[in-house]
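Heads up: the structure comes next, in structure tokens.
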Amino acid sequence: MQLTPHQSQYFAWQLTRHAASNSLESLAPTLVNAQIDLNPHQVEAALFAYENPLSKGVILADEVGLGKTIEAGLVIAQRWAERKRHILIIVPANLRKQWHQELQDKFGLSCLLLESKNYNALQKDGARNPFASDSIVICSYQFANSKAKDVKAVDWHLVVLDEAHRLRNVYKTGNVIARTLKDSLERVQSKILLTATPLQNSLLELYGLVSLIDERVFGDLDSFRTQFGQTNREQTLQNLRQRITPFCKRTLRRQVQQYVPYTKRIPLLEEFTPSQDEQEFSLLVSDYLRRPNLQALPEGQRQLISLVLWKLLASSPQAISGALETMANRLQSVLDDATSPDLLYTLDDDYEALDETADEWESDDQVNDKPNVREAIRQEVDELRLFREKADQIRDNSKGQALLTALERAFSELERLGAARKAIIFTESKRTQNYLQELLKSTSYGDGLVLFNGTNSDPQAQKIYKEWAQRHAGTDKVTGSKTADTRAALVDYFREQGTVMIATEAGAEGINLQFCSLVINYDLPWNPQRIEQRIGRCHRYGQRHDVVVVNFVDRTNEADRRVYELLAQKFQLFDGVFGASDEVLGAIGSGIDFERRIAQIYQQDCRDPNVIRHSFETLQQELAGEISAAMQQTRQVLLETFDETVNARLRQHAEDSKVILDRYERMLMDLSRTALRDHADFGAENHFELLSLPTPALTNQAPLGRYELPRRTGESHLYRLGHPLAEWVLEQAKQIHLPAASLRFDYAAYAGRITTLESYQGKRGSLQAKLVTVSALAEAEQHILVAAVDQHGRTLPEDDPDKLLRIPATVTATAIDIPDNPKLQQDLAQRKNNLLRQINERNLSYFDQEVQKLDAWADDLKLGLEQEIKDIDREIKEVRRTAAVAPTLDEKLHWQKRQRELETKRSKSRRELFRRQDDIDDQRNDLITGLENRLQQRVEEQTLFTIEWELV
48 MQLTPHQSQY FAWQLTRHAA SNSLESLAPT LVNAQIDLNP HQVEAALFAY ENPLSKGVIL
108 ADEVGLGKTI EAGLVIAQRW AERKRHILII VPANLRKQWH QELQDKFGLS CLLLESKNYN
168 ALQKDGARNP FASDSIVICS YQFANSKAKD VKAVDWHLVV LDEAHRLRNV YKTGNVIART
228 LKDSLERVQS KILLTATPLQ NSLLELYGLV SLIDERVFGD LDSFRTQFGQ TNREQTLQNL
288 RQRITPFCKR TLRRQVQQYV PYTKRIPLLE EFTPSQDEQE FSLLVSDYLR RPNLQALPEG
348 QRQLISLVLW KLLASSPQAI SGALETMANR LQSVLDDATS PDLLYTLDDD YEALDETADE
408 WESDDQVNDK PNVREAIRQE VDELRLFREK ADQIRDNSKG QALLTALERA FSELERLGAA
468 RKAIIFTESK RTQNYLQELL KSTSYGDGLV LFNGTNSDPQ AQKIYKEWAQ RHAGTDKVTG
528 SKTADTRAAL VDYFREQGTV MIATEAGAEG INLQFCSLVI NYDLPWNPQR IEQRIGRCHR
588 YGQRHDVVVV NFVDRTNEAD RRVYELLAQK FQLFDGVFGA SDEVLGAIGS GIDFERRIAQ
648 IYQQDCRDPN VIRHSFETLQ QELAGEISAA MQQTRQVLLE TFDETVNARL RQHAEDSKVI
708 LDRYERMLMD LSRTALRDHA DFGAENHFEL LSLPTPALTN QAPLGRYELP RRTGESHLYR
768 LGHPLAEWVL EQAKQIHLPA ASLRFDYAAY AGRITTLESY QGKRGSLQAK LVTVSALAEA
828 EQHILVAAVD QHGRTLPEDD PDKLLRIPAT VTATAIDIPD NPKLQQDLAQ RKNNLLRQIN
888 ERNLSYFDQE VQKLDAWADD LKLGLEQEIK DIDREIKEVR RTAAVAPTLD EKLHWQKRQR
948 ELETKRSKSR RELFRRQDDI DDQRNDLITG LENRLQQRVE EQTLFTIEWE LV
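Quick note, the sequence shown lines up with residues 48 to 999 if you use my numbering.
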């Protein structure tokens, strides 16, 4: 369909206007731009987060696995499109790269991942505050806490907090990080808290999370306890539910299964027995690590480095051998009075998860206290080199042989499931990765073997990258970032040609392997969140088969066995449909803390199985991992909606989203077909071949070649509203000067049927389109009003004038004189008045919602004050009873005096109550006055075009 200039301008404004925040059309441009499968619960969550412009934020509490990252991503992309670009995302350290990759791949958003190294580099380059970036900023909780002053200095448009349950105890004075972040984000007007477990053990946690969003939802802590402490009362919970419903939303997995199909996890356990040499070597190193004083471990880092060494010891002789050599060389440099490198960062080559672990690890308090230091260092150097020699002498790696057996078992299971013969093997050590590569090279798995790690610098990876870059040259698949493109090339190779991928922890972040159904934890992390992240590479949306998960357990190591049982049974990581439960992952808060507890058990003298058993039983008791039945019921009442209600809503969202998305994509392609007709060949489907640029300004921004909307092949450029070529097309159409003209609309040429227009065939009339911008509540929304009348002065009702503009048309005359039509202007005025009334009613509902919130907040504070007086009243009654039965005059006089003191205190408290109640009312009234000022509408209108129309 070739558009007339009038239709082009109409379509361009429809595609770019700021729609009302509570409408699905407000998200439509973002949905067109995003590379996501449209799931209705995610659209609903994004609309919920975006709906009320007066709200300071929301808690999105969907169950694990429903894509809260995508939900937040939709809001982030929308804010970005609105030029509100000061956006901060605070996440656990192990999720930073995953967020970075998701926002880049799914939404085309550039992000700055801030951590110590590049933060310092940016400051050296002149950036006074690296957080004040032109990109979306992603950082960890620990880093945001350490740079709280810089965070506070930025006027953020949006802050997203992932795994926000980490902050749920912010109301406790000892929770330093939570309280620091709350203070630094206090002025932020829009926050999104993502957590599957907003309520774990106490309603006070919900109070804490809500206070992070808005301090004026509940009163103080005491008044909250007074009102909502009795959770066994149904009315109490209903009142609380009413208070949190406007900004807390939860969807359950069972409610979306018709849109998001899930497969199961099938666990396989491969037990092995180390050789005599391996056991003796392990005991030697274990005894060394348990010594109270070690010169090799720097002060303040002993626990962290010990954790790393325990993990390397369990990984392979090759892994621990390299670390032992590193430690010996560092100590030797001390003896030689040479500069010794920081051991922590030299171990990074051995243990790839070190950066993530160190980022959230607090320094040890322990300080080494040894006399005759140089002699102690000499002894340790000799010991470490002896250990290294013993490690290198081990030839029989029983765990490696167990892997060969496990692969055979697991591939047989994949064959039974009908899944592709592909496996990803995770190890925590790069040296173990190299050992496994050598082990598998000589087997039948050698031909399809590929490595994946943090550098991907090995010759095979570079060869795969070069071939991939050459094959995809000139397409959107090539981003220009060698790191990102190498990762993509390795994943594509694994999908298309590979059988086994051996990955370090880098493979657990930001890559999607739905085509692979076998996850092998050669080294099992002690952090349940990292395990879930690994398995989630394969067991995710789009996986068509059940996923087999293989783990290894050393039969001779009671501690290893107990760790596995804890992760398998307590955390339920390896079987079932959904993997780890919300309760468990939410309960542990930081998985790093959990790793620390495990490391402490290993650090003890744990040769006695009874001691080990007792240690792990104690750890289980300390875990706040199981919500009581009463608390589960409380969470259901407060946060969950009936399935039938949710299903009906999601069904409607699914239908409406598809209709709107199809309409927007069709409008963009029709507009582009018209604007680029001299520069591109358009196919019958939504694709075209760009042959030349319409303007030199697009050089280096819009490469020639094939474009698709939506993406189908992956080999074409993705065409979307945010693409520079599409932006040029839209801007050109909006800037066209349109004098009055005559348009003939050909109903027979329309590929469809619009029954309400059929009665106008053979008629003519006039039509006018206006752009109306309404500003209120610090938001501006745009509406296109189209009115039309026929030659008899009859108005076309409802949306018939808009439908008319979708019919193929030709311009029959331009620069004509169209006299004013009172009926047309009257209809436009009526449409405008109806629009303003609807906007006003909607904004009044937001206003009422805020007023109710402020009223409840004020009442909470007053209740807290009144409670103090009630407590004094109770104490006075108790004193009276005591005085009445006092056996002596002195005691009676004592209690009478006490009564008078309390009565004086009560009188003073009453006067204070009245004063503070007046203060609260004044605060409330000031806030409401501010809201009333924001509610005032400012209306601007612009006539886009006026035409005479004829429908044939």
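Glycine included, each C-beta is placed from N, C-alpha and C at the ideal position.
Next on the checklist: Contact criterion: CB-CB distance below 9 Å. Does D837 meet it with respect to chain D?
Outcome noted: Among the chains of the structure shown, chain D does not appear; only one protein chain is present.
Checklist entry - Would F689 be called buried (16 or more neighbouring beta carbons within 10 Å of its own) or exposed? => result exposed
Next on the checklist: Please identify the residue among A795, R953, Q838, R841 whose C-alpha is closest to the C-alpha of P855.
Outcome noted: The option with the nearest alpha carbon to P855 is A795.
Item to check | Paired residues, beta bridge with W996 - DSSP | outcome: L790, G812
Item to check | Contact under 9 Å by Cβ, G583 with F499 | outcome: no
Next on the checklist: Taking 9 Å as the threshold (C-beta atoms), are K311 and V594 in contact?
Outcome noted: yes
Checklist entry - Comparing alpha-carbon positions, which option in E897, T452, L232, E327 lies nearest F319? => result Comparing alpha-carbon positions, the option among E897, T452, L232, E327 lying closest to F319 turns out to be T452.
Checklist entry - Going by beta carbon distance, what residues of the same chain come within less than 7 Å of L487, once the five residues before and after it are set aside? => result G493, L496, V547
Checklist entry - If you check the beta carbons only, do F434 and D570 fall under 9 Å apart? => result no
Next on the checklist: Below 8 Å on the Cβ atoms is my contact criterion, and I expect P741 with W775 to pass it. Report the Cβ-Cβ distance as a whole number of Å.
Outcome noted: 7 Å
Checklist entry - Quick one, which of S70, T63, H65 has its alpha-carbon nearest Q699's? => result S70
Checklist entry - What number of angstroms, rounded off, separates the C-alpha of K810 from the C-alpha of I801? => result 16 Å
Checklist entry - Is the beta carbon of I863 less than 9 Å from the beta carbon of S763? => result no
Item to check | One or two residues paired with K131 in a DSSP bridge | outcome: Bridge partners of K131 according to DSSP: none are assigned.
Item to check | Enclosing alpha helix (DSSP H) for Y166 [first to last residue] | outcome: 163-171
Checklist entry - Does DSSP classify G911 as helix, strand or coil? => result helix
Checklist entry - Straight-line CA distance for Q305 to L135? => result C-alpha of Q305 to C-alpha of L135: approximately 34 Å in a straight line.
Item to check | Beta bridge counterpart(s) of R985 as assigned by DSSP | outcome: S822
Checklist entry - Thinking C-beta only, is E997 closer than 9 Å to T859? => result yes
Next on the checklist: Taking 8 Å as the limit between beta carbons, can you name the residues of its chain near K131, skipping five residues before and five after?
Outcome noted: H204, L205
Item to check | Beta-ladder partner(s) of Q829, from DSSP | outcome: T820
Checklist entry - Counting pairs of beta carbons, one from the region 182-196 and one from the region 157-174, are three or more of them closer than 8 Å? => result yes
Checklist entry - The beta strand (DSSP E) with T857 in it runs from where to where? => result It spans 856-861 - the beta strand (DSSP E) in which T857 sits, taken as one unbroken run.
Checklist entry - In the structure shown, what three-state DSSP assignment does T273 receive? => result helix
Item to check | Start-to-end residues for the alpha helix (DSSP H) that takes in D607 | outcome: 605-612
Item to check | Opening and closing residue of the alpha helix (DSSP H) in which P87 lies | outcome: 87-97
Checklist entry - Across which residues does DSSP place N598 in a beta bridge pair? => result L316, N568
Next on the checklist: So, does the region 475-486 touch the region 599-608, judging by three or more C-beta pairs under 8 Å?
Outcome noted: no
Next on the checklist: Assuming contact is defined by CB atoms lying nearer than 9 Å, are F993 and Q815 in contact in what I supplied?
Outcome noted: According to the sequence provided, residue 993 is Thr. The question's Phe does not apply to it. Yes, the Cβ-Cβ distance between T993 and Q815 is below 9 Å.
Item to check | Nearest-angstrom Cα separation, counted from P314 out to A536 | outcome: 30 Å
Next on the checklist: For N491, count the other beta carbons within 10 Å of its own beta carbon; 16 or more makes it buried, fewer makes it exposed. Which is it?
Outcome noted: Going by the sequence as given, residue 491 is Ser instead of Asn. Looking at its Cβ environment, which holds fewer than 16 other Cβ atoms inside 10 Å, S491 is exposed.
Item to check | Bounding residues of the beta strand (DSSP E) (the contiguous stretch that carries A470) | outcome: 470-473
Item to check | Nearest to A646 (by Cα), restricted to the options N574, M714, I578 | outcome: N574
Checklist entry - For S270, which of E913, H88, I260, R226 has the nearest alpha-carbon? => result If we check each option's Cα against that of S270, E913 comes out closest.
Checklist entry - What's the call for H661, buried or exposed, on a 16-neighbour Cβ count within 10 Å? => result It counts as exposed.
Checklist entry - Is it the case that the Cβ atoms of L685 and R288 are separated by a distance below 9 Å? => result A contact, by the Cβ cut-off of 9 Å.
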